[in-house]
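Student:
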DNA sequence: TTTTTTATCCATGAAAACCGGTAGATGAAA
DNA sequence: TTTCATCTACCGGTTTTCATGGATAAAAAA
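Chains as they are written, first to last, in the UniProt record's numbering: chain C, 1 to 210; chain F, 1 to 210.
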């Protein structure tokens with residue numbers, strides 16, 4: 001089926017990883033490593049003279065980022081497949097990369113087998129990414145991303161609980177009954193789906209409420 | 001000066017990086033790569049039969065962490081030099097690694113030249129780390145917030161408390177008495193200068209321990 | 001104008017956390 | 001060897017939290 005070797009280009013500024021990729025790709029049948037660049041600019045220049053089949057692209061690069069480069073390449077060389085190869089696990093980064101036209105998203109903990117397999121898969125017009133990334137992308141963490149709507153009073157109480165205040169201390173400070181404070185705290189815990197204050201504070205902190 | 005080649009061992013679970021290191025080290029004069037392992041346990045087993053001069057050690061590893069491994073190795077093979085090779089830039093991690101006896105701390109963006117140079121430097125009993133890390137380490141600790149030194153056990157309990165586990169649940173999980181868990185928690189609260197778990201979790205989170 | 005949400009309050013009892021000590025066993029360090 | 005740190009465990013007692021299961025009034029939304 002394969003008429004000639006797939007040409008591959010790597011853009012990666014960490015030399016240890018660049019070396020690793022280089023070594024893996026060179027040792028793989030059916031792949032031909034055309035170059036390893038440490039900046040997007042240099043790689044683009046190269047592509048101008050010699051397009052490739054697959055581009056392995058880091059995101060954190062000096063100057064022009066991998067995301068920008070991805071957009072540029074996809075505009076100019078529609079046939080070139082792009083696989084993002086990075087450590088970013090933030091949903092926003094992944095999304096941006098995919099919206100920029102990337103054909104795959106791999107983390108740097110990918111095994112050499114998976115890496116090589118991924119390259120042939122994207123050449124078959126498949127879209128590839130690890131299951132971790134898929135999960136991240138398609139499940140807003142069922143009870144996670146949707147941060148509960150808190151009332152003004154609840155936010156106040158949450159703050160004070162986080163400062164280590166006891167129920168009665170909070171009551172005194174807000175001039176309300178301790179029972180009321182209890183009720184609010186209970187509702188908070190319910191909304192956050194936890195069963196004690198420690199976990200409540202942790203979740204609230206994670207969501208940036210504290 | 002050098003009588004024979006320096007023997008080097010790599011412990012790294014990301015295969016791309018492992019490959020990169022392997023390739024770099026094999027291509028370096030005066031160095032002999034004795035092995036690349038993806039777990040601390042496997043590497044320790046190997047060291048038992050064959051000590052080496054220098055150990056390149058990742059920190060995030062499955063099961064036993066690089067920090068623990070560092071301690072173990074330094075205890076058993078005092079002459080082996082250890083260079084941490086990781087992406088962790090948290091001050092606490094760096095400190096812990098150095099306290100565990102590491103002779104150097106490099107980030108994974110190190111160039112191959114620097115890496116090879118680092119190896120010969122530690123063999124000359126020099127201590128090596130990037131200037132970024134030095135800055136991080138000697139930076140004035142924002143607002144005098146020296147984070148308390150926690151014991152291994154305390155860290156474990158802190159994690160679990162943050163997950164909302166009760167004293168008895170923690171006790172069951174760690175196979176120790178609930179009273180012991182209470183004691184640890186009490187000590188944690190003392191160290192963080194708070195008087196309940198909610199505030200404990202908040203402070204710990206602020207300091208990046210959770 | 002109903003209905004819902006929000007904030008307020010209450011009681012009771014069980015479970016957990018918190019406090020202030022004490023103390024044995026290790027293992028490492030001085 | 002003695003000291004120090006750490007982990008372990010216990011006692012007795014107080015305080016706080018958590019779970020149930022209510023209720024009322026005002027404000028906002030429908």
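For each residue, glycine too, the CB sits at the ideal point set by N, CA and C. Keep in mind it's a predicted model, so treat the numbers as computed, not measured.
(1) If I follow the unbroken alpha helix (DSSP H) through residue 232 of chain C, where does it start and stop?
(2) Under the DSSP definition of a beta bridge, which residues are partnered with residue 32 of chain C?
(3) Just checking my contact of residue 54 of chain C with residue 6 of chain C at CB under 8 Å: how many whole Å lie between their CB atoms?
(4) Looking at the ligand COA, does it come within less than 7 Å of residue 176 of chain C, judged from the CB to the closest heavy atom?
(5) Exposed or buried, what is residue 208 of chain F when buried is set at 16 or more other beta-carbons lying within 10 Å of its beta-carbon?
(6) Indicate whether at least one CB of chain F lies closer than 8 Å to the CB of residue 10 of chain C.
(7) Using a beta-carbon distance below 8 Å, is residue 14 of chain F in contact with chain C?
(8) Suppose the cutoff is 8 Å on Cβ atoms and the five residues either side in sequence are ignored; what does the same chain contact list for residue 95 of chain C look like?
(9) Are the beta-carbon atoms of residue 166 of chain F and residue 205 of chain C separated by less than 8 Å?
(10) Mark residue 100 of chain C as exposed unless 16 or more other C-beta atoms lie within 10 angstroms of its C-beta, in which case mark it buried.
(11) In this structure, does DSSP put residue 74 of chain F in helix, strand or coil?
(12) What's the C-alpha gap between residue 184 of chain F and residue 178 of chain C?
(13) When the distance is taken between beta carbons, is residue 16 of chain F closer than 8 Å to residue 59 of chain C?
(14) Following the continuous alpha helix (DSSP H) through residue 152 of chain C, name the residue where it begins and the one where it ends.
(15) Do you know how far the Cα of residue 49 of chain F is from the Cα of residue 44 of chain C?
(16) Could you compute how far the alpha carbon of residue 145 of chain C sits from the alpha carbon of residue 86 of chain C?
(17) What residues match up with residue 86 of chain C in a beta bridge as DSSP calls it?
(18) Answer yes or no: do residue 20 of chain F and residue 19 of chain C have a C-beta to C-beta separation smaller than 8 Å?
(19) With residue 93 of chain C as the anchor, note down where its alpha helix (DSSP H) starts and where it stops.
(20) If residue 61 of chain C and residue 13 of chain C are in contact, beta carbons under 8 Å, what's the gap, nearest whole angstrom?
(21) Among C/42, C/156, C/81, C/119, whose alpha-carbon lies nearest the alpha-carbon of residue 65 of chain C?
(22) Using a C-beta cutoff of 8 Å, does residue 161 of chain C count as contacting chain F?
(23) Starting from residue 198 of chain C, find everything on chain F with Cβ-Cβ shorter than 8 Å and list it in chain order.
(24) Under a three-way DSSP split, which group does residue 81 of chain C fall into?
(25) Taking residue 216 of chain F as the reference, which of F/91, F/47, F/26, F/197 has the closest Cα?
(26) Around the C-beta of residue 28 of chain F, are 16 or more other C-beta atoms found within 10 angstroms, so that it is buried, or is it exposed?
(27) Check each residue of the region 181-197 of chain F: if its Cβ is closer than 9 Å to any Cβ of chain C, include it; give the result in chain order.
(28) Would you report the Cα separation of residue 123 of chain C and residue 129 of chain F, rounded to the nearest angstrom?
(29) Less than 8 Å between the CB atoms is what I'm expecting for residue 158 of chain F and residue 150 of chain F, so what's the real figure, rounded?
(30) Go through the region 177-209 of chain F residue by residue and report every complete run of the alpha helix (DSSP H) that reaches 4 residues or more, in order.
(31) Just the Cα atoms here: how many angstroms apart are residue 68 of chain C and residue 79 of chain C?
Tutor: On the basis of the data shown:
(1) Examination of residue 232 of chain C is not possible in this model, given that chain C is present from 1 through 210 alone.
(2) The sequence position of residue 32 of chain C within the first chain is 32, counting from 1. DSSP lists C/7 as partners of residue 32 of chain C.
(3) As a working note, residue 54 of chain C is residue 54 in the first chain. As a working note, residue 6 of chain C is residue 6 in the first chain. 6 Å between Cβ atoms; contact.
(4) The ligand COA is not part of this structure, which contains no ligands at all.
(5) Here residue 208 of chain F corresponds to residue number 208 of the second chain, with the count starting at 1. Residue 208 of chain F should be labelled exposed.
(6) Within the first chain, the letter at position 10 stands for residue 10 of chain C. It does not: the Cβ of residue 10 of chain C has no partner Cβ on chain F nearer than 8 Å.
(7) In the second chain, counting from the first residue as 1, residue 14 of chain F sits at position 14. So yes, residue 14 of chain F belongs to the interface.
(8) Looking up residue 95 of chain C in the first chain gives position 95. The answer, listed in chain order, is 137.
(9) For the purposes of this step, residue 166 of chain F is taken as the residue at position 166 of the second chain. For the purposes of this step, residue 205 of chain C is taken as the residue at position 205 of the first chain. Taking 8 Å as the Cβ cut-off, residue 166 of chain F and residue 205 of chain C do not qualify as a contacting pair.
(10) Sequence index remark: in the first chain, residue 100 of chain C carries index 100 (1-based). By the neighbour-count rule (16 or more Cβ atoms within 10 Å), residue 100 of chain C is buried.
(11) Taking the second chain and counting its residues from 1, one reaches residue 74 of chain F at position 74. Reduced to three states, the DSSP call for residue 74 of chain F is helix.
(12) The residue you call residue 184 of chain F lines up with position 184 of the second chain. The residue you call residue 178 of chain C lines up with position 178 of the first chain. Cα-Cα distance, rounded: 29 Å.
(13) In the first chain, counting from the first residue as 1, residue 59 of chain C sits at position 59. In the second chain, counting from the first residue as 1, residue 16 of chain F sits at position 16. No, the pair does not count as a contact, with Cβ atoms beyond the cut-off.
(14) As a working note, residue 152 of chain C is residue 152 in the first chain. From DSSP, the alpha helix (DSSP H) with residue 152 of chain C extends over 152-162.
(15) As a first step, residue 44 of chain C is located in the first chain; it is residue number 44 there, counting from the start. As a first step, residue 49 of chain F is located in the second chain; it is residue number 49 there, counting from the start. The alpha-carbon atoms of residue 44 of chain C and residue 49 of chain F are separated by roughly 49 Å.
(16) Stepping through the first chain from its first residue, residue 145 of chain C is reached at position 145. Stepping through the first chain from its first residue, residue 86 of chain C is reached at position 86. Only weak support exists for where residue 145 of chain C lies, its pLDDT of 49 falling under 50; the coordinates are left without a value.
(17) Here residue 86 of chain C refers to the residue found at position 86 when the first chain is read from its first residue. DSSP, once it has assigned bridges, lists C/107 as partnering residue 86 of chain C.
(18) Residue mapping note: residue 20 of chain F aligns to position 20 of the second chain, counting from 1. Residue mapping note: residue 19 of chain C aligns to position 19 of the first chain, counting from 1. In this structure, residue 19 of chain C lies closer than 8 Å to residue 20 of chain F by Cβ.
(19) Counting from one through the first chain, the residue named residue 93 of chain C turns up at place 93. First-last of the alpha helix (DSSP H) with residue 93 of chain C: 91-99.
(20) Within the first chain, residue 61 of chain C is the residue found at index 61, counting from 1. Within the first chain, residue 13 of chain C is the residue found at index 13, counting from 1. The Cβ separation is near 5 Å, so the contact holds.
(21) Looking up residue 65 of chain C in the first chain gives position 65. Answer by Cα proximity: C/42.
(22) Start at 1 with the first residue of the first chain, and residue 161 of chain C comes out as number 161. True, the Cβ-Cβ gap to chain F drops below 8 Å.
(23) Numbered from its first residue, the first chain carries residue 198 of chain C at position 198. Per Cβ cutoff of 8 Å: 161, 162, 164, 197, 198, 200, 201.
(24) Numbered from its first residue, the first chain carries residue 81 of chain C at position 81. Strand.
(25) It is not possible to answer for residue 216 of chain F, since the shown part of chain F is limited to 1 through 210.
(26) Here residue 28 of chain F refers to the residue found at position 28 of the second chain. Classification for residue 28 of chain F: buried.
(27) 194, 195, 196, 197
(28) Along the first chain, read from residue 1 onward, the residue named residue 123 of chain C stands at position 123. Along the second chain, read from residue 1 onward, the residue named residue 129 of chain F stands at position 129. In a straight line, the C-alpha of residue 123 of chain C is about 42 Å away from that of residue 129 of chain F.
(29) On the second chain, residue 158 of chain F is found 158 positions in, with the first residue counted as 1. On the second chain, residue 150 of chain F is found 150 positions in, with the first residue counted as 1. About 7 Å; that satisfies the 8 Å criterion.
(30) 178-191, 197-206
(31) Here the question's residue 68 of chain C lines up with position 68 in the first chain. Here the question's residue 79 of chain C lines up with position 79 in the first chain. Going by the C-alpha atoms only, they are around 17 Å apart.
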